[in-house]
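**Q**
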Amino acid sequence: MRVVIAGAGLAGLSCAKYLTDAGHTPILLERRDVLGGKVAAWKDEDGDWYETGLHIFFGAYPNMLQLFKELGIEDRLQWKEHAMIFNQPNNPGTYSRFNFPDLPAPFNGVAAILRNNDMLTWEEKIRFGIGLIPAMVQGQKYVEEMDKYSWSEWMKRQNIPPRVEKEVFIAMSKALNFINPDEISATILLTALNRFLQEKNGSKMAFLDGSPTERLCEPIADYITKGGGEVRLNAPLKEILLNPDGTVRGFLIRGLNGAKDSVLEADAYVSAMSVDPLKVILPQAWRELDNFKQLEGLEGVPVINLHLWFDRKLTDIDHLLFSRSPLLSVYADMSNTCKAYADPDRSMLELVLAPAKDWINKSDAEIIQATMAELEKLFPQHFGSENPAQLLKSHVVKTPRSVYKAIPGCQACRPDQRTPIANFYLSGDYTMQKYLGSMEGAVLSGKLTAGAIAKDCPVNPNSQSVADKFEPSALGRG
Ligand SMILES: Cc1cc2nc3c(=O)[nH]c(=O)nc-3n(C[C@H](O)[C@H](O)[C@H](O)COP(=O)(O)OP(=O)(O)OC[C@H]3O[C@@H](n4cnc5c(N)ncnc54)[C@H](O)[C@@H]3O)c2cc1C
Numbered sequence: 001m002r003v004v005i006a007g008a009g010l011a012g013l014s015c016a017k018y019l020t021d022a023g024h025t026p027i028l029l030e031r032r033d034v035l036g037g038k039v040a041a042w043k044d045e046d047g048d049w050y051e052t053g054l055h056i057f058f059g060a061y062p063n064m065l066q067l068f069k070e071l072g073i074e075d076r077l078q079w080k081e082h083a084m085i086f087n088q089p090n091n092p093g094t095y096s097r098f099n100f101p102d103l104p105a106p107f108n109g110v111a112a113i114l115r116n117n118d119m120l121t122w123e124e125k126i127r128f129g130i131g132l133i134p135a136m137v138q139g140q141k142y143v144e145e146m147d148k149y150s151w152s153e154w155m156k157r158q159n160i161p162p163r164v165e166k167e168v169f170i171a172m173s174k175a176l177n178f179i180n181p182d183e184i185s186a187t188i189l190l191t192a193l194n195r196f197l198q199e200k201n202g203s204k205m206a207f208l209d210g211s212p213t214e215r216l217c218e219p220i221a222d223y224i225t226k227g228g229g230e231v232r233l234n235a236p237l238k239e240i241l242l243n244p245d246g247t248v249r250g251f252l253i254r255g256l257n258g259a260k261d262s263v264l265e266a267d268a269y270v271s272a273m274s275v276d277p278l279k280v281i282l283p284q285a286w287r288e289l290d291n292f293k294q295l296e297g298l299e300g301v302p303v304i305n306l307h308l309w310f311d312r313k314l315t316d317i318d319h320l321l322f323s324r325s326p327l328l329s330v331y332a333d334m335s336n337t338c339k340a341y342a343d344p345d346r347s348m349l350e351l352v353l354a355p356a357k358d359w360i361n362k363s364d365a366e367i368i369q370a371t372m373a374e375l376e377k378l379f380p381q382h383f384g385s386e387n388p389a390q391l392l393k394s395h396v397v398k399t400p401r402s403v404y405k406a407i408p409g410c411q412a413c414r415p416d417q418r419t420p421i422a423n424f425y426l427s428g429d430y431t432m433q434k435y436l437g438s439m440e441g442a443v444l445s446g447k448l449t450a451g452a453i454a455k456d457c458p459v460n461p462n463s464q465s466v467a468d469k470f471e472p473s474a475l476g477r478g
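So in full-length UniProt numbering, spot 416 of the sequence shown is number 416, and the numbers just go up one at a time.
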């Protein structure tokens with residue numbers, strides 16, 4: 001079967017890859033001139049890469065890790081020591097670590113929390129542990145039910161001291177969804193905590209050894225083309241054309257640079273665009289259908305990714321850092337963490353600015369200036385009055401609508417990969433799968449879509465379809 005997919009982010013790439021495995025012929029269309037969507041990266045005139053986002057791969061990403069294995073590129077993941085490292089705002093230039101010992105889960109996580117005495121008192125740890133009991137005992141069902149509360153509301157209900165939120169969960173909430181605990185759904189943090197506490201290496205982190213576009217997306221695209229599929233850049237979906245019965249007749253592709261628009265026909269069609277462009281392009285006739293109407297509850301959240309090159313080394317830490325700054329979220333010195341960006345003499349900091357709603361419309365110069373003021377607190381030893389570190393160059397990448405903003409009530413708005421339209425499917429991290437808005441979620445959603453298509457239209461009806469290979473726990477809600 002020919003399957004046309006609009007959107008070559010990780011969801012679209014994963015969908016096309018697994019359709020190839022199922023014996024179908026995917027044609028993957030990307031609006032931009034670069035693969036990857038929210039993991040896209042570009043090379044500047046000096047040959048330095050800059051990225052849409054600082055991306056971390058977790059041990060708790062089974063589908064992503066399997067994809068690396070299937071592509072034979074596992075060695076591109078640079079695993080870091082099992083720890084979480086937080087800046088200490090009260091003691092500028094110092095760090096507090098949660099070190100996970102080599103013990104089975106959940107003992108390694110519990111030990112990491114109990115052994116850290118910089119951030120939480122014993123009483124706070126115990127009260128937090130008691131607050132978590134319902135999530136541990138009742139599992140995912142409880143976690144999903146808590147979607148009616150923000151994380152702040154949930155903590156209050158569980159009688160957890162507000163200082164726990166201030167010390168730990170502002171940083172976690174910003175890292176997970178680029179918003180603060182009073183906005184984020186409790187389901188998001190409880191899901192992450194469950195993964196991190198239930199899987200021994202769940203919170204272990206890896207950096208890719210280069211840009212995601214080159215080191216991850218291109219191998220997937222090569223796999224697709226070798227399997228008989230196609231990947232087309234600069235091919236924006238302009239309109240979804242319908243048959244009289246409401247099913248899809250074709251995708252109208254916008255002709256660029258004076259070329260005419262063209263119609264692409266196929267046996268099945270997938271939107272792997274993020275939710276915001278999908279909502280704009282939905283045909284009028286579908287808008288009243290519940291599956292599509294519910295998308296109104298989903299909207300991308302703004303975020304800014306910064307790259308700052310300095311004239312010297314600011315740190316030798318080879319890990320992700322939680323800044324705990326009001327302006328910034330996580331950051332890393334990519335000259336230490338990423339092989340392709342390595343530099344023994346100069347730092348390149350990649351930093352996520354979040355929440356970004358008040359910054360997204362500001363100029364790059366204003367954003368850099370505010371970030372430099374924060375860096376003076378994070379690295380006081382390098383920004384004193386005597387011979388301060390010099391910023392050599394910078395890149396600011398703004399994403400006004402990134403992953404869906406995971407506020408309370410959002411879970412009910414996330415659609416299934418199958419739609420009421422017989423030949424139209426959805427992929428994307430916002431669709432229902434258990435890994436929320438993440439690279440793992442995007443890859444799993446693409447796999448689920450490919451599985452649904454393979455099941456609905458098997459190449460050989462007697463053979464086991466790709467869908468049957470998925471573990472049931474990966475499917476649907478929870
Ligand atoms: C700053 C930042 C940091 C992040 N950090 C992490 C992290 O550390 N770990 C993690 O797991 N996740 C992280 N994420 C989230 C992760 O990047 C996303 O969840 C994931 O990449 C989403 O993939 P997707 O395929 O669902 O959507 P997208 O990547 O948005 O892909 C959609 C694609 O559709 C294309 N498109 C749109 N309209 C059209 C059209 N009309 N025609 C054709 N194509 C179209 C877009 O150009 C895009 O390529 C981060 C994201 C950002 C922005």
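Where a beta carbon is used, it is the ideal one built from N, C-alpha and C, also for glycine.
By Cβ distance below 6 Å, which residues in the same chain neighbour K434 in space, the five residues on each side in sequence not counted?
**A** On the sequence shown, position 434 is the one that residue 434 refers to. No residues qualify anywhere along the chain.
**Q** Indicate, with yes or no, if ligand 1 has a heavy atom lying under 7 Å from the CB of E30.
**A** As a first step, residue 30 is located in the sequence shown; it is residue number 30 there, counting from the start. It does: the Cβ of E30 is within 7 Å (strictly closer) of some heavy atom of ligand 1.
**Q** Go ahead and pull the three-state DSSP assignment for G287.
**A** Numbered from 1 along the sequence shown, position 287 holds the residue referred to as residue 287. Per the sequence shown, residue 287 should be read as Arg rather than Gly. Three-state result, R287: coil.
**Q** Do the CB positions of R31 and P236 come within less than 8 Å of each other?
**A** The residue you call residue 31 lines up with position 31 of the sequence shown. The residue you call residue 236 lines up with position 236 of the sequence shown. The answer is yes: Cβ separation under 8 Å.
**Q** Assuming P355 and N180 form a contact by the criterion Cβ under 8 Å, report the distance between their Cβ atoms to the nearest whole angstrom.
**A** For the purposes of this step, residue 355 is taken as residue 355 along the sequence shown, with counting starting at 1. For the purposes of this step, residue 180 is taken as residue 180 along the sequence shown, with counting starting at 1. The Cβ separation is near 6 Å, so the contact holds.
**Q** Going by the beta-carbon positions, is the gap between I368 and S394 smaller than 8 Å?
**A** Your numbering for residue 368 matches position 368 in the sequence shown. Your numbering for residue 394 matches position 394 in the sequence shown. Contact: yes.
**Q** Should P236 be listed as close to ligand 1, given that the test is whether its C-beta is under 7 Å from any heavy atom?
**A** As a first step, residue 236 must be located in the sequence shown, where it is residue number 236. Yes, the beta carbon of P236 sits closer than 7 Å to at least one heavy atom of ligand 1.
**Q** Whole alpha helix (DSSP H) runs in the stretch 136-210 with 4 or more residues, listed along the chain?
**A** As far as the stretch 136-210 is concerned, its whole alpha helix (DSSP H) runs of at least 4 residues are 140-145, 151-157, 170-177 and 186-198.
**Q** Give the list of continuous beta strand (DSSP E) stretches no shorter than 3 residues that lie fully inside the stretch 306-338.
**A** Entirely contained in the stretch 306-338, the beta strand (DSSP E) runs reaching 3 residues are, in chain order, 328-333.
**Q** Can you tell me which of K17, R254 and P89 puts its alpha carbon nearest to the alpha carbon of G227?
**A** The sequence position of residue 227 within the sequence shown is 227, counting from 1. Checking every option, the nearest Cα to that of G227 belongs to K17.
**Q** By Cβ distance below 6 Å, which residues in the same chain neighbour A40 in space, the five residues on each side in sequence not counted?
**A** As a position in the sequence shown, residue 40 is number 40, starting the count at 1. Cβ within range, chain order: V34, T52 and T213.
**Q** Can you tell me which of the three DSSP states N108 falls into?
**A** As a working note, residue 108 is residue 108 in the sequence shown. N108 falls in the helix class under three-state DSSP.
**Q** Can you tell me where the beta strand (DSSP E) with V459 in it begins and where it stops?
**A** Against the sequence shown, residue 459 aligns to sequence position 459. Note, V459: premise wrong, no beta strand (DSSP E); not H, not E.
**Q** Mind checking A175: buried by the 16 CB within 10 Å criterion, or exposed?
**A** Counting from one through the sequence shown, the residue named residue 175 turns up at place 175. Looking at its Cβ environment, which holds 16 or more other Cβ atoms inside 10 Å, A175 is buried.
**Q** Would you mind reading off the limits of the beta strand (DSSP E) that contains residue 485?
**A** Within the shown structure, residues of the chain are numbered from 1 to 478, placing residue 485 beyond reach of any answer.
**Q** For Q390, which option in L308, P104, A83 and C15 has the closest C-alpha, if you only look at C-alpha atoms?
**A** For the purposes of this step, residue 390 is taken as residue 390 along the sequence shown, with counting starting at 1. Among L308, P104, A83 and C15, the Cα nearest to that of Q390 is on L308.
**Q** CA-CA distance, P380 and I56?
**A** Mapped onto the sequence shown, residue 380 falls at position 380. Mapped onto the sequence shown, residue 56 falls at position 56. The straight-line gap from Cα to Cα measures roughly 26 Å.
**Q** Are R76 and N99 touching if we call contact CB-CB under 8 Å?
**A** Position 76 of the sequence shown, counted from the first residue, corresponds to residue 76. Position 99 of the sequence shown, counted from the first residue, corresponds to residue 99. Not in contact: R76 and N99 (Cβ atoms no closer than 8 Å).
**Q** Can you look up M84 in the DSSP assignment and give me helix, strand or coil?
**A** Here residue 84 refers to the residue found at position 84 of the sequence shown. If DSSP states are grouped into helix, strand and coil, M84 belongs with the strands.
**Q** Would you tell me roughly how many angstroms separate the C-alpha atoms of F128 and E167, rounded to the nearest one?
**A** As a first step, residue 128 is located in the sequence shown; it is residue number 128 there, counting from the start. As a first step, residue 167 is located in the sequence shown; it is residue number 167 there, counting from the start. Those two C-alpha atoms are separated by around 12 Å.
**Q** Could you tell me whether the stretch 339-358 touches the stretch 89-103, using the rule of 3 or more Cβ pairs below 8 Å?
**A** At 8 Å Cβ cutoff, the stretches do not touch.
**Q** Note the first and the last residue of the continuous beta strand (DSSP E) segment covering I27.
**A** As a first step, residue 27 must be located in the sequence shown, where it is residue number 27. Taken as a continuous stretch (DSSP letters only), the beta strand (DSSP E) holding I27 covers T25 to L29.
**Q** Within a Cβ cutoff of 7 Å, which residues of the same chain sit near C413, ignoring the five residues on either side of it in sequence?
**A** By one-based count along the sequence shown, residue 413 stands at place 413. Hits under 7 Å: Q294, L295, G297 and L298.
**Q** Starting from S14, trace the alpha helix (DSSP H) in both directions and tell me its first and last residue.
**A** For the purposes of this step, residue 14 is taken as residue 14 along the sequence shown, with counting starting at 1. First-last of the alpha helix (DSSP H) with S14: L10 to D21.
**Q** How many angstroms separate the CA atom of F424 from the CA atom of L392?
**A** Reading the sequence shown from its first residue, position 424 is the one you call residue 424. Reading the sequence shown from its first residue, position 392 is the one you call residue 392. Their Cα atoms are separated by approximately 49 Å.
**Q** If we call anything under 8 Å between Cβ atoms a contact, is I188 one with A442?
**A** Mapped onto the sequence shown, residue 188 falls at position 188. Mapped onto the sequence shown, residue 442 falls at position 442. No; because the gap between Cβ atoms is not below 8 Å, this pair is not in contact.
**Q** What first and last residue would you give for the beta strand (DSSP E) that runs through E350?
**A** Indexing the sequence shown from 1 puts residue 350 at position 350. Run containing E350: M348 to L353, per the beta strand (DSSP E) assignment.
**Q** Starting from E230, follow the beta strand (DSSP E) in both directions and report where the run begins and ends.
**A** In the sequence shown, the residue the question calls residue 230 occupies position 230. Segment E230 to R232, the beta strand (DSSP E) holding E230.
**Q** Can you tell me whether H382 is helix, strand or coil according to DSSP?
**A** Mapped onto the sequence shown, residue 382 falls at position 382. Residue state, collapsed to three classes: helix.
**Q** Closest to L447 by C-alpha separation, out of G7, A11 and R2, would be which residue?
**A** Against the sequence shown, residue 447 aligns to sequence position 447. Per the sequence shown, the amino acid found at residue 447 is Lys instead of Leu. Measuring from the Cα of K447, the nearest candidate turns out to be A11.
**Q** In its own chain, which residues sit with a C-beta less than 7 Å from the C-beta of A200, not counting the 5 before and 5 after it?
**A** Counting from one through the sequence shown, the residue named residue 200 turns up at place 200. What sits at residue 200 in the sequence shown is Lys, not Ala. For K200, where only same-chain residues beyond five positions count, the Cβ hits under 7 Å are P104, A105 and N108.
**Q** For a test of the three-state rule: what should DSSP assign to L132, helix, strand or coil?
**A** Within the sequence shown, numbered from 1, the residue matching residue 132 stands at position 132. In the structure shown, L132 sits in coil (DSSP, three-state: anything other than H, G, I, E or B).
**Q** Assign K362 to one of three DSSP states: helix, strand, or coil.
**A** By one-based count along the sequence shown, residue 362 stands at place 362. K362: coil per DSSP, three-state reduction.
**Q** Let me know the secondary structure DSSP gives Y223 once reduced to three states.
**A** Position 223 of the sequence shown, counted from the start, is the residue given in the question as residue 223. Of the three classes helix, strand and coil, the one that applies to Y223 here is helix, per DSSP.
**Q** Name, in chain order, the residues that DSSP records as bridge partners for F292.
**A** Indexing the sequence shown from 1 puts residue 292 at position 292. Its beta-bridge partners do not exist; DSSP assigns none.
**Q** Which partner residues does W122 have in the DSSP bridge list?
**A** Locating residue 122 in the sequence shown gives position 122, where the first residue counts as 1. None; W122 has no bridge partner.
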